[in-house]
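This report refers to the structure that appears directly beneath it.
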Amino acid sequence: MDNEQLVRTVEAMKKYAVEKHVPIMEDDGIEHLTALLREQHPQKVLEIGSAIGFSALKMAEALPDATIDTIERDQERFAKAVGFIQGSGFKERIRLYHGDALEFDLELLDRSYDAIFIDAAKGQYERFFEKYEVLLNKGGVIYCDNMHMHGMSAMHIKEIPRRKRTMIRNLSAFKETMINHEGYETKLLDIGDGIMICKKL
Ligand code: SAH
Ligand code: MG
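Just so we're aligned: 196 in numbering that gives the first Met the number 0 is position 197 of the sequence shown, and the numbers increase by one with no gaps anywhere.
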């Protein structure tokens with residue numbers, strides 16, 4: 000029964016994402032991410048950028064003991080996420096928060112996450128990291144999606160549309176920050192659209 004609800008919800012989410020151009024993770028990326036999470040088996044996960052709740056639901060499915068807290072700033076997507084999760088059979092383990100993660104009151108969240116998944120505005124990853132890493136336990140892991148920026152990270156700056164350049168520069172700078180960060184062990188995986196894994200030492 001649970002499984003039927005889950006399958007139905009995932010299908011409805013994918014359909015909605017295509018129709019409304021919501022950039023949810025692709026199958027390849029989400030499969031790899033959930034495989035990495037299963038290996039880590041975190042109890043508490045925080046996600047920045049829920050969109051319609053797709054990756055949150057897939058993470059909850061992959062981690063039967065975990066709770067997922069997730070933040071989305073877009074009102075319409077947030078409302079959609081609430082509806083989908085409500086009917087998914089997983090609502091006890093997924094907490095959806097509406098708000099801008101950069102202005103969000105940390106008091107509303109737990110203090111000790113085992114994993115943080117960053118998948119919101121690409122130009123702001125460093126700011127999300129700076130704000131939220133205090134909530135990550137030692138030994139915890141930060142996962143960042145879209146590090147290849149849909150292939151654009153490998154392009155020469157002049158080939159990149161002007162309006163996207165700041166975002167790409169910020170993302171590259173963040174990558175450098177993490178690679179050089181003494182408090183983290185960082186790996187960049189060439190899967191999906193590029194997933195970066197940063198383990199807190
Ligand atoms: N993780 C989702 C996809 C997220 S798409 C999945 O794979 O299913 C990125 C989302 O981040 C968008 O819906 C966007 O509205 C949201 N977002 C961008 N900046 C944000 C911010 N500062 N705070 C909260 N959400 C943000
Ligand atoms: Mg993404």
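Beta carbons are placed, not taken as given, at the ideal position from N, Cα and C, and that holds for glycine.
Between R110 and the set V133, L35, T8, the nearest pair of CA atoms involves V133. For ligand 2, the residues with a Cβ under 5 angstroms from any of its heavy atoms are, in chain order, D118, D144, N145. Cβ contact annotation for T185 (same chain, cutoff 6 angstroms, sequence separation greater than five): M177, I178, C197, in chain order. By the 16-neighbour rule on beta-carbons within 10 angstroms, V140 is buried. Comparing alpha carbon positions, the residue from Y15, D26, A119, H155 closest to Y142 is A119.
Counting other Cβ atoms within 10 Å of its Cβ, T8 reaches 16 or more and is therefore classed as buried. Taking C-beta separations shorter than 8 angstroms and ignoring five residues to either side along the sequence, the partners of K199 in its chain run E132, L135, N136, K137, G138, G139, V140, I141, G182, Y183, following chain order. The Cβ atoms of G193 and M146 lie closer than 8 angstroms to each other. In the displayed model, D27 falls within a helix according to three-state DSSP. When the five nearest sequence neighbours on each side are left out, the beta carbons in the same chain lying within less than 8 angstroms of the beta carbon of Y124 are those of I117, C143, N169, L170, F173, in order along the chain. If you look at I190, you'll find it isn't in any alpha helix (DSSP H); DSSP assigns it neither H nor E.
For F116, the enclosing beta strand (DSSP E) covers residues 112-117. H97 sits close to F77, with the two beta carbons spaced by under 8 angstroms. Distance check between K163 and each of A153, E18, D64, G122 places G122 closest, using alpha-carbon atoms only. Ligand 1 never approaches L36 closely enough for any of its heavy atoms to be under 7 angstroms from the residue's Cβ. Within the segment 68-154, the beta strand (DSSP E) runs of at least 3 residues that lie entirely inside it are, in chain order, 93-97, 112-117, 135-143. The C-beta distance from L45 to L62 rounds to 13 angstroms, too long to fall under 8 angstroms, and the pair is not in contact. Across the structure, H180 and D189 are spaced so that their CA atoms are roughly 20 angstroms apart. Contact annotation, T69 with K43: C-beta distance approximately 12 angstroms; criterion of less than 8 angstroms not satisfied.
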